[in-house]
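In our numbering, the protein residues as written are 223 to 622.
Everything on this sheet refers to the single structure shown next.
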Amino acid sequence: MERRIFVGRQPILDRRGVKVGHELLFRDPASIPANMLDGFARSAAVLERVLGEFGLEQVLGSGDGFLNCTEEFLYSAVIDLIPASRFVLEVLEDAALTPELGARCDVLRQAGFRIALDDVHSMTPEIQRFLPHVDIVKLDWPFLVPGDIASLVAICKCAGATVLAEKIEERSDHAAAMRAGCDLFQGFYFARPQVLVSSRFPSSFGPVLRILRLLIEEASDVKVELALRSAPSMVVQLLRLANSGAYLHQRNKPITSVRQALSCVGTRQLMRWCCLFLYSNPASPPLEIDPLVQLITRRATFMERAATALTPDDSNLPQSAWLSGLLSLAHVPNALDVNTFMTAMPVDMAIQQAVTKYEGVLGKLLSIAERLEQGRFDEAFERGCALDQDFALKLPKLVL
């Protein structure tokens, strides 16, 4: 049975009135209100729909996508799925503008993203210190003090930031923002958010598991391609992802075959999609509001970051930690005990032992993740100290 998929978008225009991008918005039927989701889940849902369901070109055309991001989202492995050159990541108004967050924004900018500071009402010392880490400042127009607007715009421009006036609802607002020197504009005066609708057919577990097994075994692209043919919904998502702007440098024409798409996207990205599909169940809520999926995504991201903090020079451990975290509850929606489920997964023995017996470094990281989720912080700290005391002291920053 098909399920309808929604995403919202609102255009952003430049001073000439030319559309340069869209802010992407979470939208769903009345039966799934946005307040059922936290910010991380909403951003992940929007991203999954834009890249995997609609396709980047259909939603954004040649423009940019502005995506709301919580602090947790900015640090998460989900960022790896985003084509950096096409997206502006918006730091939300409730984010703590710390030096650590500024450093993270700098890393993302070096990767090709642009960073926007959302819903600025006035120029505070914290915001002014943070300006060197952003490319765009979004002024929340209805909440600005008219007499402060000129100086606010000047400070932003002096720091090298582009100024976007949002929530422009009247002709007079637009005229005032133009006079103040704003560069970009967004609001009901230009267009209300448009809701795009698509349909999704649920994926079956078997084909996805076979694909994941082949990826883990590092099977040939020919074998993976044959397996993909039994999972049409994944083929569609793979083709859309491969045809997005993120992979322009790897091709000189649109991708039209599964083999081309697989070569372009790579096995790491496809493996991430497969792991998320393991939690898909027609009888369960949609992935983006399923509490189990939200939990496991956070767990996997934490374990990946924790492994990086524990062994910065080991590039393999973070990927194994991410996979261990993501597989640690995959037996639940499939009504299997953990040992039976993991026996079917051709993963490295270290991952097997971590998920089933909490053994090894990966098992210890999984144990720490579970205790943090349960609020047993002292126990998590003790287990972190058993690995490395300096690592244990970093745990609060890793959790966000």
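All residues carry an ideal CB built from backbone N, CA and C; glycine is no exception.
Take residue i as the anchor and find which of the options has the nearest alpha-carbon.
i           : options               : result
residue 542 : 307, 241, 299 and 361 : 299
residue 550 : 538, 564 and 540      : 564
residue 277 : 536, 445, 456 and 517 : 456
residue 402 : 295, 366, 336 and 353 : 366
residue 341 : 314, 320 and 617      : 314
residue 215 : 415, 610, 603 and 322 : Outside the displayed span of the chain (223 to 622) sits residue 215, for which this structure offers no information.
residue 396 : 616, 375, 363 and 381 : 363
residue 570 : 545, 536 and 303      : 545
residue 596 : 329, 282 and 521      : 521
residue 419 : 272, 601 and 617      : 272
residue 373 : 399, 537 and 393      : 399
residue 552 : 440, 434 and 305      : 434
residue 440 : 329, 492, 394 and 351 : 492
residue 379 : 350, 490, 438 and 432 : 350
residue 237 : 429, 316 and 385      : 385
residue 637 : 486, 375 and 432      : Missing from the structure shown is residue 637; the chain here goes from 223 to 622 and no further.
residue 267 : 580, 519 and 618      : 519
residue 281 : 446, 394 and 245      : 245
Tell me whether the beta-carbon of residue i lies closer than 7 Å to the beta-carbon of residue j.
i           : j           : result
residue 333 : residue 310 : no
residue 312 : residue 288 : yes
residue 407 : residue 235 : yes
residue 584 : residue 572 : yes
residue 324 : residue 343 : no
residue 383 : residue 359 : yes
residue 614 : residue 524 : no
residue 227 : residue 293 : no
residue 265 : residue 290 : yes
residue 483 : residue 460 : yes
residue 574 : residue 582 : no
residue 497 : residue 450 : no
residue 387 : residue 233 : no
residue 164 : residue 517 : Within the shown structure, residues of the chain are numbered from 223 to 622, placing residue 164 beyond reach of any answer.
residue 249 : residue 230 : yes
residue 436 : residue 527 : no
residue 345 : residue 371 : no
residue 296 : residue 326 : yes
residue 381 : residue 353 : yes
residue 348 : residue 319 : yes
residue 578 : residue 560 : yes
residue 594 : residue 602 : yes
residue 243 : residue 302 : no
residue 616 : residue 531 : yes
Strictly by DSSP, which residues pair up with residue i?
i           : result
residue 233 : 244
residue 359 : 339 and 385
residue 227 : 420
residue 291 : 313
residue 406 : 236 and 386
residue 286 : 243
Which word fits residue i, buried or exposed, when buried means at least 16 other C-beta atoms lie within 10 angstroms of its C-beta?
i           : result
residue 253 : Because the pLDDT at residue 253 is just 44, under 50, the model does not fix this residue reliably, and the value given afterwards should be weighed accordingly. Residue 253 comes out exposed.
residue 405 : buried
residue 391 : exposed
residue 599 : exposed
residue 612 : exposed
residue 240 : exposed
residue 368 : exposed
residue 488 : exposed
residue 562 : exposed
residue 535 : exposed
residue 283 : exposed
residue 605 : buried
residue 423 : Because the pLDDT at residue 423 is just 48, under 50, the model does not fix this residue reliably, and the value given afterwards should be weighed accordingly. So residue 423 ends up on the exposed side.
residue 321 : exposed
residue 494 : buried
residue 430 : buried
residue 375 : buried
residue 255 : Only weak support exists for where residue 255 lies, its pLDDT of 47 falling under 50; the value from the coordinates is given anyway. Exposed: under 16 other Cβ atoms inside 10 Å.
Can you find a heavy atom of the ligand GTP that lies under 6 Å from the Cβ of residue i?
i           : result
residue 619 : Ligands are entirely absent from the displayed structure, and the ligand GTP is therefore not among its contents.
Determine, for residue i, whether the minimum Cβ-Cβ distance to residues of chain E falls below 7 Å.
i           : result
residue 581 : Judged by its chain identifiers, the structure shown contains no chain E, having just a single protein chain.
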